[in-house]
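Asker: Take the sequence shown: its letters are residues 14 to 95, numbered as in this note's numbering.
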Amino acid sequence: MRSAEPLRPLRVQWSKATGDTIAATPAVGNGQVYIGSWDGYEYALDEASGAQSWRTFLGQVDNPSCDILGVTSSPVLLGGAP
């Protein structure tokens with residue numbers, strides 16, 4: 014349904030600092046937000062509070078032609094779970 018009423022301004026509900034850049038789009042499912050960071054970790058954060066549920070080290074690539082990179086792509090959820 015469309016409305017002529019103006020939208021309320023958006024506000025940041027929470028944020029999460031990681032050890033490096035977050036360059037990919039997060040995945041959301043099962044009340045969790047899944048993000049990968051160039052620090053090499055994949056994080057699961059509570060969707061409502063942003064509290065960290067878990068993190069796991071997936072590794073980093075050290076290539077002389079570019080910076081050290083960790084997780085550079087978006088996670089995929091299958092059947093509602095990572």
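Every residue gets a Cβ at the ideal spot worked out from N, C-alpha and C, and that includes glycine.
1. Determine the contact status of Asp-59 and Gly-44, defining contact as a CB-CB distance below 8 Å.
2. Could you round the C-beta distance between Val-89 and Leu-71 to whole angstroms and report it? I think they count as a contact, below 8 Å.
3. Enumerate in chain order the residues of its own chain whose CB-to-CB distance from Thr-31 is below 6 Å, with the five nearest sequence positions on each side excluded.
4. Buried or exposed: where does Ala-57 fall if 16 or more other Cβ atoms within 10 Å of its Cβ makes it buried?
5. So what's Val-41 in DSSP terms, helix, strand or just coil?
Answerer: On the basis of the supplied data:
1. Start at 1 with the first residue of the sequence shown, and residue 59 comes out as number 46. Start at 1 with the first residue of the sequence shown, and residue 44 comes out as number 31. It is a contact, given that the beta carbons lie within the stated cut-off.
2. Taking the first residue of the sequence shown as 1, we reach residue 89 at position 76. Taking the first residue of the sequence shown as 1, we reach residue 71 at position 58. Actually they are not in contact, since the Cβ atoms of Val-89 and Leu-71 sit about 14 Å apart, beyond 8 Å.
3. Numbered from its first residue, the sequence shown carries residue 31 at position 18. Here the set comprises Ser-50, Asp-52.
4. The count along the sequence shown starts at 1 and reaches residue 57 at position 44. That one is buried.
5. Within the sequence shown, the letter at position 28 stands for residue 41. Strand at Val-41.
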